[in-house]
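Shown next, in structure tokens, is the structure this report addresses.
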Amino acid sequence: MKRSVFFQPNHGWVGDLIPFEKDGEFWLFYLHEDRSDPKPGTSWNLVTTKDLTQFEDHGVSLHHGSETDLDFNAYTGSIVVDDTGIHHLFYTGQNPRNLGPDGLPLQLVMHASSTDGMQTWVKHPELTFGAPEGYESGDWRDPFVFRDESRHQWRMLLAARHSDGPERRRGVIAQCVSGDLMTWQHTEPFWDPRRYITHECPDVFAWGDWWYMVYSEFSESFTTRYRMAKSPDGPWTVPNLDSIDGRAFYASKTAEREGRRFFFGWIASKEGDTDQGPWQWAGTMAVLEARQNPDGTLGFSFADELVGSFWEDIPVSLTNDLPTRLGVPDGYAAVISDEELPSQFYTKAVLDIAPNTTECGLLLRSSQDGDQSYILRLEPKRGRLVFDRWPRAITGEAQWHVSGDVPFDIELERPCDLAPGEHTLEVIVDGDLCVAVVDRQVALSTRVYDLPAGRIGLFTGEGSVTITELEIRKRTDT
């Protein structure tokens, strides 16, 4: 058993996850990304966990096909169990050598089943089907199957694209229905906003009086979002904060256990393992727990099990004189710890933000003077959390050049309610990964490559903040 905050296989990266709850244990199937050249086919691998802190890697679960098979790449899908206890796995088969009638790399829905509790899978190539007329052949993927008891049928949602319309706005969640999980009939779209390129990894679930639709927006944002409705037939409404996380957390799908709903996704790696590198497909698995607010909207935070696994206090100078007030009506102030923190830790800061404060927050892996660090900045006047760092990329040597020429990492901002009063900022840092949560409602994940070590600090600018609580803890694994 490997004890880890964020799971990643020893030789590879975690792509799209297909979570399944079985007897109190999460079976987390995922697309195994191998970045060797020439690129091999993609398989479904499996990791299991009971407590979200210890993971057992089982290796390949569903093998991809040969270079001539339709499923050279076995891409994202879903698993359901029928009334007889047979598990049915639906997945996307793709082989870049096979083109559809429109000249696009063909994507197909394929089927496998298991009669031994998902230990082995038998493929059923005779049940394969592709996109019907009116849809592009190269976008017919990520089949998500769920049971609609009100209609006594199975429904399959697919990330698809219309074959006509503006190029960037053909995305649609297509739909097929079945009575036996074997034969599928195409029907009206499940959701057809005509807004983005496509809507990947669709997921639908009921929670109390609400239905939720989750999808990953294939656009310049690359963000996982959700919609709400009183019925799986809609109409779907947009919550005020409709995203699960920021740019780095993608392709999230969900599973439920004992009335709790968890979102499993991956935090993207960056090319060259540097802060300035472009985001890559796949990375390291991460999990967020959804919390249902009284109005039905969802908040996102760490699972209690994960926070509880950090139990040993890390003594630092900043905790000796709490509460600590930083007040600068027209300036900037920061306090920095005397000690450097380990590469893996959890911290929780409770910040009482005074009215009209412009900014405050945490410095991570900071230099002694606080000038070089990663920054989690709460901006009450703008109602957002942003991730920043200094130094940024150097753009030139002239006096007027400012490193990076950007105000912060523009892909890493999260709207949140920062009304005057107390707010809780929780952070887990583990090697090159960082996840922050505000008020157990708003999550922001990212990578932190360039500053491997440093101190922790607190700051404010143009205002006042009182730090009433500060906890810093580490894990002690045996």
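So for the sequence shown, this note's numbering puts the first residue at -4; every next one is plus one.
Quick reminder that beta carbons are idealized off the backbone N, C-alpha and C, glycines included.
Keep in mind it's a predicted model, so treat the numbers as computed, not measured.
Tell me the rounded alpha-carbon separation between residue 271 and residue 429. 16 Å
Taking the Cβ atom as the reference point for each residue, do residue 84 and residue 41 lie within a distance shorter than 8 Å? no
Could you give the distance in angstroms between the alpha-carbon of residue 76 and the alpha-carbon of residue 82? Linking residue 76 to residue 82 through their CA atoms gives a straight-line distance of about 4 Å.
With respect to the alpha helix (DSSP H) encompassing residue 299, which residues constitute its N-terminal and C-terminal limits? 299 to 303
Grab the span of the beta strand (DSSP E) containing residue 444 for me, first residue to last. Where residue 444 is concerned, there is no enclosing beta strand (DSSP E), given that its DSSP letter is neither H nor E.
Taking 7 Å as the cut-off, does the CB of residue 203 come closer than this to any heavy atom belonging to the ligand GTP? The ligand GTP is not part of this structure, which contains no ligands at all.
Which residue comes first and which comes last in the beta strand (DSSP E) that contains residue 403? First-last for residue 403: undefined, no H or E at that position.
Do the segment 316 to 323 and the segment 411 to 418 meet, that is, are 3 or more Cβ pairs less than 8 Å apart? no
Give a yes or no on whether the minimum CB-CB distance between residue 358 and chain B is below 8 Å. The structure shown has no chain B; it contains just one protein chain.
How is the beta strand (DSSP E) around residue 54 delimited, first residue to last? 49 to 57
Pairwise C-alpha distance: residue 28 and residue 233: 33 Å
The segment 152 to 167 in contact with the segment 179 to 193 per 3-pair CB rule at 8 Å: Yes, the segment 152 to 167 is in contact with the segment 179 to 193.
Along the chain, where does the beta strand (DSSP E) that runs through residue 42 open and close? 39 to 44
Three-way DSSP call (helix, strand, coil) for residue 486 in this model: Look at the range of the chain in this structure, -4 to 473, and you will see that residue 486 is not part of it.
Taking only runs that begin and end inside the segment 132 to 172, name each unbroken alpha helix (DSSP H) of 4 or more residues, in chain order. none
Just tell me which of 353, 126, 203 and 50 has its CA closest to the CA of residue 475. Any property of residue 475 remains undetermined from this structure, which presents the chain solely from -4 to 473.
Have a look at 423, 402, 177 and 460 and flag the residue whose alpha-carbon is nearest the alpha-carbon of residue 443. 423
How big is the Cα-Cα spacing for residue 369 and residue 450? 10 Å
Going by C-alpha to C-alpha distance, which of 352, 79, 121 and 89 sits closest to residue 112? 79
Status (buried if at least 16 other CB within 10 Å, exposed otherwise) for residue 356: buried
Please name the residue or residues paired with residue 181 in a DSSP beta bridge. 171
Selected residue, minimal CA-CA separation from residue 348, among 373, 332, 367 and 338: Comparing Cα positions, the closest option is 373.
CB of residue 246 within 8 Å of CB of residue 11, strictly: yes
Secondary structure of residue 313, DSSP reduced to three states: For residue 313, the secondary structure class from DSSP, reduced to helix, strand or coil, is helix.
Spatial neighbours of residue 182 in its chain, beta-carbon cut-off 6 Å, leaving aside the 5 residues before and after: For residue 182, same chain residues with a beta-carbon under 6 Å away, outside a window of 5 residues either side, are 170 and 172 in chain order.
Measure the C-alpha to C-alpha separation of residue 257 and residue 393 and round it to an integer number of angstroms. 49 Å
Compare the beta carbon distance of residue 46 and residue 251 with 8 Å and say whether it is the shorter of the two. Going by C-beta atoms, residue 46 is not nearer than 8 Å to residue 251.
Whole angstroms are fine: how far does the CA of residue 106 sit from the CA of residue 134? 17 Å
Cut-off 6 Å between Cβ atoms - residues of its own chain near residue 36, not counting five sequence neighbours on either side: 59, 67 and 68
Enclosing beta strand (DSSP E) for residue 113 [first to last residue]: Here residue 113 belongs to no beta strand (DSSP E), and DSSP marks it neither H nor E.
Apart from the five residues on each side of it in sequence, which residues of its chain come closer than 6 Å, Cβ to Cβ, to residue -3? Summary for residue -3: the model assigns pLDDT 44, below 50, so the residue's position carries little reliability; its value from the coordinates is reported in the next sentence. Within the same chain, residue -3 has close Cβ partners 50.
Buried or exposed for residue 8, going by 16 or more other Cβ atoms inside 10 Å? buried
Suppose contacts are defined by Cβ-Cβ distances below 8 Å. Is residue 407 in contact with residue 242 by that definition? yes
Test item: CB-CB of residue 304 and residue 435 under 8 Å: Taking 8 Å as the Cβ cut-off, residue 304 and residue 435 do not qualify as a contacting pair.
Mapping DSSP to helix, strand and coil, what is residue 121? helix
Compare the beta carbon distance of residue 141 and residue 199 with 8 Å and say whether it is the shorter of the two. Yes; because the gap between Cβ atoms is below 8 Å, this pair is in contact.
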